[in-house]
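Reviewing the structure listed below.
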Amino acid sequence: PNIYNYFVDINELFAESRLFILESYSRILIESADNVSGSREILKSIVSTMFNYALKNAGWYYFLHYELLSRDFEKKIIEKAHWTHEKMADLIFTVKENDKAFDSAQRITFIVHGYMVGEISKIITGRSLAEQDEKYVEQAIQNCLDLFDALVNKNEIN
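Quick note: the sequence shown, position 57, residue 86 per our numbering, numbers continuous.
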């Protein structure tokens, strides 16, 4: 017996592996906010955790974000990713009772996450134009916080 005996094909194995990694990653991100209060500090904790996770687990991060899967399995993974985004918005913002504000909170979380994934991608693929050292990571984290501040101020939520 080997691992292939438990799955219909390689696509199912990859999809289940990707879902497992995403669930673990989501749990780590959510737990990183447990001992922090205030929207900006919660975001800083989550963003720092995301960078640390990606840099320590570059192969997993790459697999999670870039490996193509059969469409049959994408829906389950996309649902989990949306749940993670919603949970992050819940943690960062305390506006759940106001639908319009919560929509803005989700959009802000999505935008900041997109910027951060781009920065992480440049680091793990070696495609950044700047030297990729600890200072670069610190600046990328600060850029996420600055982007967050600008978007919150523009939308007047929190």
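Glycine is no exception: its CB is placed at the ideal position from the N, C-alpha and C atoms. None of the values given here were measured: they were computed from a predicted structure.
Rounded separation between residue i and residue j - CA only
i: Phe36; j: Glu115; result: 30 Å
i: Lys73; j: Ile39; result: 37 Å
i: Tyr90; j: Ala83; result: 5 Å
i: Ile170; j: Asp132; result: 24 Å
i: Thr113; j: Ser55; result: 6 Å
i: Lys183; j: Val76; result: 21 Å
i: Leu180; j: Ile32; result: 46 Å
i: Ala62; j: Met79; result: 12 Å
i: Ile59; j: Glu160; result: 30 Å
i: Lys164; j: Pro30; result: 47 Å
i: Phe92; j: Val65; result: 30 Å
i: Ile50; j: Asp162; result: 26 Å
Backbone secondary structure at residue i - three-state DSSP
i: Ser66; result: coil
i: Gly155; result: coil
i: Val146; result: helix
i: Glu96; result: coil
i: Glu160; result: coil
i: Asn34; result: helix
i: Asn86; result: coil
i: Asn187; result: For Asn187, the predicted model reports a pLDDT of 48, less than 50, meaning its position is unreliable and no value from the coordinates is stated.
For residue i, the first and last residue of its enclosing alpha helix (DSSP H)
i: Val181; result: Glu163 to Asn184
i: Phe122; result: Careful: Phe122 lies outside any alpha helix (DSSP H) and carries neither H nor E.
i: Phe49; result: Ile39 to Ser61
Contact with chain B by residue i, beta-carbon distance below 9 Å
i: Asp178; result: The structure shown contains no chain B, having only a single protein chain.
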